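Just below is one structure, and these are the notes that go with it.
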Amino acid sequence: MTARKLLLTALKILGALILVVLIVAGIVLYRSANYEMMPLQTSDLEVPMTDGQPDYQKLAESLVAQMTLEEKLNQMSGAPRSTGMLKLVSNFFLKGRFPHVFVGENERLGIPPWVLSDGPRGARVLADGVKGVTTFPVAMSRGASWNPDLEYRINEVISAEMRANQTNYGATPCINLLRHPGWGRAQETYGEDPWLLGEFGLAAVKGIESNHVMACPKHFALNSIENSRWVVDVEVDERALREVYLPHFKKTLQQGKPASIMSAYNSVNGEFCGSNRHLLTEILRDDWGFEGFVSTDWLFGLYDGVGGVKAGLDVEMPFGQFYTLEVLQQGIADGEITEADIDRLVIRSLATRLKYATIDDQNQYPQSLIAQPSSIELAREAAEEGMVLLKNEGVLPFTKTPGKKTAVIGRLANLPNTGDQGSSDSKSLYVVTPHAGIQAYHGEDGHEVLLYDGTDVAIAQELAEEADEVIVVVGFTREDEGEYLIFQREQMIANAEAGQLVGDPNMGGDREDLRLRQTDEALIQALAGTHEQLAVVYIGGSAIDMSPWEDQVPAILFSWYAGMEGGHALANILYGETSPSGKLPFSIASDQADYPEFHPYTLSEKYGYYHGYTLFDKEEIEPAYPFGFGLSYASFRYDNLQVGQTELTETDTLRVTVELSNTSAISGKEVVQLYVGFHQSSVDRPVKLLRDFEKVGLQGQGTQTVTLEVPVKDLAWYNPDTKSWEVEQMDYEVYVGSSSAPADLLKAVFTVE
10 MTARKLLLTA LKILGALILV VLIVAGIVLY RSANYEMMPL QTSDLEVPMT DGQPDYQKLA
70 ESLVAQMTLE EKLNQMSGAP RSTGMLKLVS NFFLKGRFPH VFVGENERLG IPPWVLSDGP
130 RGARVLADGV KGVTTFPVAM SRGASWNPDL EYRINEVISA EMRANQTNYG ATPCINLLRH
190 PGWGRAQETY GEDPWLLGEF GLAAVKGIES NHVMACPKHF ALNSIENSRW VVDVEVDERA
250 LREVYLPHFK KTLQQGKPAS IMSAYNSVNG EFCGSNRHLL TEILRDDWGF EGFVSTDWLF
310 GLYDGVGGVK AGLDVEMPFG QFYTLEVLQQ GIADGEITEA DIDRLVIRSL ATRLKYATID
370 DQNQYPQSLI AQPSSIELAR EAAEEGMVLL KNEGVLPFTK TPGKKTAVIG RLANLPNTGD
430 QGSSDSKSLY VVTPHAGIQA YHGEDGHEVL LYDGTDVAIA QELAEEADEV IVVVGFTRED
490 EGEYLIFQRE QMIANAEAGQ LVGDPNMGGD REDLRLRQTD EALIQALAGT HEQLAVVYIG
550 GSAIDMSPWE DQVPAILFSW YAGMEGGHAL ANILYGETSP SGKLPFSIAS DQADYPEFHP
610 YTLSEKYGYY HGYTLFDKEE IEPAYPFGFG LSYASFRYDN LQVGQTELTE TDTLRVTVEL
670 SNTSAISGKE VVQLYVGFHQ SSVDRPVKLL RDFEKVGLQG QGTQTVTLEV PVKDLAWYNP
730 DTKSWEVEQM DYEVYVGSSS APADLLKAVF TVE
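Take a look at the structure:
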């Protein structure tokens with residue numbers, strides 16, 4: 010046989026082998042993307058009864074007693090690493106979806122798995138046949154509504170749609186504190202204030218759990234930097250930790266009783282959160298009495314398997330990288346941990362999730378539940394309630410008049426834009442853009458709507474001159490902010506060590522500059538002088554620096570990432586069908602230098618005691634827009650602040666009343682805010698802290714007496730020397746009004762004896 014024939018034969022064999030490999034790979038990928046659903050509930054497990062109540066602890070102990078060590082470890086991590094990674098990749102690329110990751114199944118013992126779905130703005134994981142879900146405004150928009158009842162209803166819908174998509178574990182809500190507006194994932198949380206965060210976290214958890222979905226508040230704790238989240242060590246003193254960065258977690262867990270909580274990526278005081286005993290055992294278990302289980306954030310949430318067991322971490326997600334048989338067997342052999350330690354973790358997680366696995370009500374959640382008309386209406390209502398009118402010099406609401414022309418201008422004017430593309434992303438059935446919503450609002454009424462969604466200033470000016478009113482839509486997209494979509498930890502380390510981006514830019518992440526894009530600012534400034542009837546609409550997840558242009562425009566509206574019905578909601582606000590009622594869930598500084606230091610690329614960061622309005626109050630800095638501020642088309646007046654009992658003890662509750670009057674003919678909603686002041690404190694404390702609020706609807710010329718309450722124990726400070734909470738015996742101030750600004754508040758005094 011000639012050399013040429015040998016070569017041809019070899020090539021044929023190689024080609025056949027390659028073909029076989031491709032076929033096998035194709036089959037594997039296909040099966041990974043087209044997996045069979047596992048039932049998440051069972052009626053086969055017999056739950057013992059104790060004192061007439063199901064005893065899931067006893068059932069968990071019985072099941073764990075029958076497990077091998079390998080079976081126990083299977084309960085402590087997600088899918089096997091190789092098949093799990095293939096499943097993630099194949100589903101993303103072949104089906105454009107986040108897959109069902111089945112965790113903790115034990116066929117021999119009849120234990121069904123659980124499946125995670127993210128859900129801050131809509132059910133993340135989709136079942137076969139589901140094209141999309143109800144997509145709500147981002148959490149920051151909902152925080153701006155100051156309406157926890159609305160948040161409960163939103164999470165009722167999200168959790169029902171999670172169940173309809175055959176998942177039962179909701180990695181939501183995110184209740185990390187916004188200490189600097191540049192944080193990339195600001196859109197996923199509710200604001201800068203621990204009290205506001207706690208109220209919304211509690212409402213969200215109750216809404217999620219209402220449909221037998223395991224709620225999982227995240228990320229525990231001090232996760233407020235995105236670009237360095239896998240590598241940054243956060244230094245914080247114990248008092249700031251307890252009083253500023255953890256109260257919202259404590260309230261959400263103790264009062265909401267979620268099934269789970271997610272540990273954060275970062276380290277705190279030198280120990281990564283996934284193996285941080287102070288956080289996961291001493292605070293979470295010993296101090297707060299949390300009985301649920303702890304799972305890690307995904308992929309880089311644990312670096313020390315033995316340390317995780319010692320710290321009290323129950324589950325590593327999405328697959329075992331350090332909770333492996335090899336690692337933990339070695340830990341047992343070395344005497345660092347015992348199998349009893351592992352049993353304790355597995356029993357704890359099983360005792361929690363068996364309650365959800367044995368309900369057997371999946372048939373109550375058909376796919377027809379998804380995107381019901383009532384759910385879509387709720388998405389529109391939520392978008393309207395969250396929009397914040399910051400400035401209005403007699404421009405808004407615009408009028409609906411035949412023959413008029415409205416120009417909708419800006420690169421985001423007709424862009425579907427519901428938020429970032431990270432774990433909080435939600436696949437919408439549709440998205441109503443600002444232009445589409447305004448166009449639909451006018452319909453066939455003879456009011457013409459013009460569109461220019463480019464950045465050419467000359468074209469924009471020409472269109473504006475033709476119009477009777479101008480709406481300029483500016484802001485951000487998933488490219489500018491959100492979860493930092495990078496998959497190499499080494500690259501994050503390199504960036505952090507350099508203190509700047511040294512590789513290719515990535516999607517999302519932190520904002521180092523709080524100003525808008527240059528093209529947006531140029532557009533605003535070019536149009537500002539051309540028209541008196543002009544409103545700037547901002548789309549984004551957090552505060553921006555408006556100082557280069559805010560004095561040049563007559564109206565500014567924060568519409569956030571407003572969800573699938575955002576365009577309809579925007580039209581209703583701009584044209585007065587609904588009066589704005591949102592209030593800022595954070596402060597906006599006059600100067601970016603007024604915020605705490607923020608370093609997106611860093612190996613270490615120090616979190617202080619003051620930020621937001623507490624910092625501005627303490628340093629006597631006047632913000633551009635204060636925490637709790639927001640305008641309405643209605644006018645409200647506060648009168649007759651009364652303290653029910655002026656002398657209280659530590660076990661009492663402060664009750665105050667105030668008369669709220671709508672002095673206009675326009676119906677509207679107002680957020681009544683209560684702050685407590687600490688001027689006589691013997692220790693360093695904020696000037697005042699939010700301690701209650703209520704959103705009140707009033708018809709035109711209506712008046713209502715509003716009652717607000719604060720348990721005296723919620724005025725305590727944490728004494729790190731005694732490791733206890735202490736209520737000072739002294740005179741306190743109580744402030745009630747429309748925002749945190751002193752000029753907007755009535756004042757009274759009470760005493761704790």
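According to my numbering, the stretch in the sequence shown is residues 10 to 762, in order.
Each residue gets a CB set at the ideal place from its N, CA and C atoms; glycine is no exception.
Keep in mind that this is a model prediction, so the values were computed, not measured.
Contact check, residue i vs residue j, beta carbons under 8 Å
i, j, result
"L663", "E718", "yes"
"K697", "V685", "yes"
"H257", "G210", "yes"
"Y547", "S568", "yes"
"L683", "V743", "yes"
"L334", "V303", "no"
"Y610", "A505", "yes"
"L205", "A230", "no"
"M396", "I582", "yes"
"Y330", "L311", "Looking at the sequence shown, residue 330 is not Tyr but Gln. The answer is yes: Cβ separation under 8 Å."
"P557", "I597", "no"
"E188", "S233", "Note that residue 188 is Arg in the sequence shown, not Glu. Yes, the pair counts as a contact, with Cβ atoms nearer than the cut-off."
"T427", "R130", "yes"
"L699", "G677", "no"
"G446", "G576", "yes"
"E499", "G517", "no"
"P831", "G639", "Outside the shown range of the chain, which is 10 to 762, sits residue 831, and nothing can be said about it."
"E208", "P594", "no"
Assumed close pair residue i, residue j - CB separation to whole angstroms, cut-off 8 Å
i, j, result
"I217", "G279", "Rounded, the Cβ-Cβ distance is 33 Å, inconsistent with contact."
"V139", "N100", "Not quite, the Cβ-Cβ distance comes to about 13 Å (not below 8 Å), so this is no contact."
"P226", "P182", "6 Å"
"V417", "V482", "7 Å"
"L68", "P57", "6 Å"
"F645", "S670", "7 Å"
"S573", "Y439", "The question names Ser, but residue 573 is Met in the sequence shown. Their Cβ separation, rounded to whole angstroms, is 6 Å, which keeps M573 and Y439 in contact under 8 Å."
"Q710", "A674", "7 Å"
"N83", "V124", "Contact flag wrong, Cβ pair sits at about 15 Å."
"Q448", "V458", "5 Å"
"G87", "P327", "4 Å"
"V241", "L612", "6 Å"
"A320", "T290", "6 Å"
"S272", "H228", "7 Å"
"K763", "D429", "Because the chain in this structure spans residues 10 to 762, residue 763 falls outside the shown range and cannot be described."
Per DSSP, cross-strand counterpart(s) of residue i
i, result
"L755", "V745"
"K704", "V680"
"W734", "Y727"
"E656", "T760"
"I407", "The sequence shown places Phe at residue 407, not Ile. For F407, which the question treats as bridged, DSSP gives no partner whatsoever."
"I630", "DSSP lists no partner for I630."
"A416", "L459, V479"
"A224", "G179"
"R671", "The question names Arg, but residue 671 in the sequence shown is Asn. Its beta-bridge partners are F645."
"I217", "Answer by DSSP bridge pairing: none, since I217 is not bridged."
"S99", "In the DSSP output, where bridge partners are listed per residue, S99 has none listed."
"I597", "Y634"
"N401", "A564"
"S86", "E325"
"G686", "K697, E742"
Residue i beta carbon near the ligand HEM (any heavy atom closer than 7 Å)
i, result
"Y44", "No copy of the ligand HEM appears in this structure; indeed no ligand is present at all."
Complete beta strand (DSSP E) runs within the region 164-207 (minimum length 3 residues, chain order): 178-180
Residue ranges of each beta strand (DSSP E) within the region 231-315, 3 or longer: 242-244, 269-272, 302-305
Cβ contact check for the region 142-152 and the region 353-369: 3 or more pairs under 8 Å: Short answer: they don't touch.
3-residue-minimum beta strand (DSSP E) runs that sit fully inside the region 502-570, ordered along the chain: Listed in chain order, the complete beta strand (DSSP E) runs (minimum 3 residues) inside the region 502-570 are 516-518, 543-548, 564-567.
Complete runs of the beta strand (DSSP E) confined to the region 101-169 [at least 3 residues]: Counting only runs of 3+ residues, the beta strand (DSSP E) found wholly inside the region 101-169 occupies 123-127, in chain order.
Segment contact flag, the region 105-125 with the region 384-394, C-beta cutoff 8 Å, min 3 pairs: The region 105-125, when compared against the region 384-394, does not touch it at the 8 Å Cβ threshold.
Any alpha helix (DSSP H) of 4 or more consecutive residues that is wholly inside the region 343-383: 348-366
Any 3 or more C-beta pairs closer than 8 Å across the region 336-350 and the region 305-319: yes
Inter-stretch contact at 8 Å, needing at least 3 Cβ pairs: the region 477-492 / the region 404-423: The region 477-492 makes contact with the region 404-423: 3 or more CB pairs, one atom from each, lie closer than 8 Å.
Segment contact flag, the region 158-171 with the region 112-119, C-beta cutoff 8 Å, min 3 pairs: no
The region 482-501 contacting the region 419-430, beta-carbon criterion three pairs below 8 Å: yes
Stretch-stretch touch, CB-based, cutoff 8 Å, three pairs: the region 375-385 with the region 125-144: yes
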